[in-house]
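Trainee: Residue numbers (full-length UniProt numbering): 1 to 75.
My structure is below; once you've seen it, I'll send some questions.
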Amino acid sequence: MLGAVAPDSFDTLHSYANTFQMPFVTPWFPEKVIPPSSGLNDYAVSLRPDYHRAVIATITHYGWKSVIYIYDSHD
Numbered sequence: 001m002l003g004a005v006a007p008d009s010f011d012t013l014h015s016y017a018n019t020f021q022m023p024f025v026t027p028w029f030p031e032k033v034i035p036p037s038s039g040l041n042d043y044a045v046s047l048r049p050d051y052h053r054a055v056i057a058t059i060t061h062y063g064w065k066s067v068i069y070i071y072d073s074h075d
């Protein structure tokens, strides 16, 4: 399966993908999804990379002592 889904539909499609062992490729995961390290996301793949490491690396690189970080989770 390939496509963007509403957060309310994600759990259903994710369950189908895991049940039928078929990849589910989506541009993003909803906030409430179980992290991939849990082993339960075997067949779900996000196209958007995790950017938190880049944010932390930028803060560390420039040596910023304080940061205001504004984040919108609903693209």
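We put the CB at the ideal spot given by N, CA and C, even for glycine.
These numbers come from a predicted model, not from an experiment.
#1: In chain order, what residues of the same chain have a beta carbon less than 6 Å from the beta carbon of leucine 47, not counting five sequence neighbours either side?
#2: If you run the structure through DSSP and keep just helix, strand and coil, what is phenylalanine 24?
#3: Which one of Ser15, Asp11 and Val25 has the shortest CA to CA distance from proline 49?
#4: Can you check DSSP and say which residues form a bridge with alanine 44?
#5: Please identify the residue among Pro7, Tyr43, Thr60 and Phe29 whose C-alpha is closest to the C-alpha of methionine 1.
#6: Could you compute how far the alpha carbon of valine 45 sits from the alpha carbon of phenylalanine 20?
Mentor: Quick answer:
#1: Start at 1 with the first residue of the sequence shown, and residue 47 comes out as number 47. The residues are Pro27.
#2: Looking up residue 24 in the sequence shown gives position 24. If DSSP states are grouped into helix, strand and coil, phenylalanine 24 belongs with the strands.
#3: By one-based count along the sequence shown, residue 49 stands at place 49. The option with the nearest alpha carbon to proline 49 is Val25.
#4: Numbered from its first residue, the sequence shown carries residue 44 at position 44. The partner list for alanine 44 (beta bridge, DSSP) reads Phe24.
#5: As a working note, residue 1 is residue 1 in the sequence shown. Minimum Cα distance to methionine 1 is reached at Tyr43.
#6: On the sequence shown, position 45 is the one that residue 45 refers to. On the sequence shown, position 20 is the one that residue 20 refers to. Going from the Cα of valine 45 to the Cα of phenylalanine 20 covers about 15 Å.
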